[in-house]
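Worksheet: one structure, shown below.
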Amino acid sequence: MKLKLALLALLAGSSLVAQAQAPAAAPARAEVKAEAKEAMKAGEVATGEKPAPAKAAKSTKKRAEVKAEAKEAAKAGTIPAGEKPVTGEAKK
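Heads up: the sequence shown begins at 264 in our numbering, then just goes up one per residue.
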């Protein structure tokens with residue numbers, strides 16, 4: 264009799280604990296659809312066989328600075344072109 268009473272108390276206690284640990288409410292279907300639509304517009308969702316595009320990094324240099332550096336590198340021979348090997352050393 265004591266065994267049955269102990270098992271019944273254990274069962275009741277475990278069910279109370281299980282109910283107390285219920286997960287939080289899931290988002291509504293409309294919320295999930297809105298989030299998916301925003302992600303599609305932002306290009307964050309992979310479609311078909313192509314992966315999701317990576318976000319482009321912003322440059323800290325002005326266009327004129329980049330063009331001047333490229334011109335110098337081409338003059339110094341540090342930019343490979345076609346099958347021609349690199350002749351100069353890159354800046355470090």
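Don't be surprised by glycine CBs; every beta carbon is placed ideally from N, CA and C.
Residue i vs residue j beta-carbon contact at 7 Å
i: V308; j: A317; result: no
Residue interval of the alpha helix (DSSP H) (run including residue i)
i: E346; result: Element bounds for E346: n/a, residue is neither H nor E.
i: A327; result: R326 to A339
Counterpart residues of residue i in DSSP-defined beta bridges
i: K304; result: BP columns for K304 are empty, so no partner.
i: T310; result: K313
Residue i CB to nearest heavy atom of the ligand FMN below 6 Å
i: A319; result: With respect to the ligand FMN, the structure offers nothing, as it holds no ligand at all.
Of the residues the options, the one placed nearest residue i, counting alpha carbons only
i: A305; options: A315, L268 and E335; result: A315
Beta-carbon proximity list for residue i, same chain, < 8 Å, skipping 5 on both sides
i: A299; result: V308
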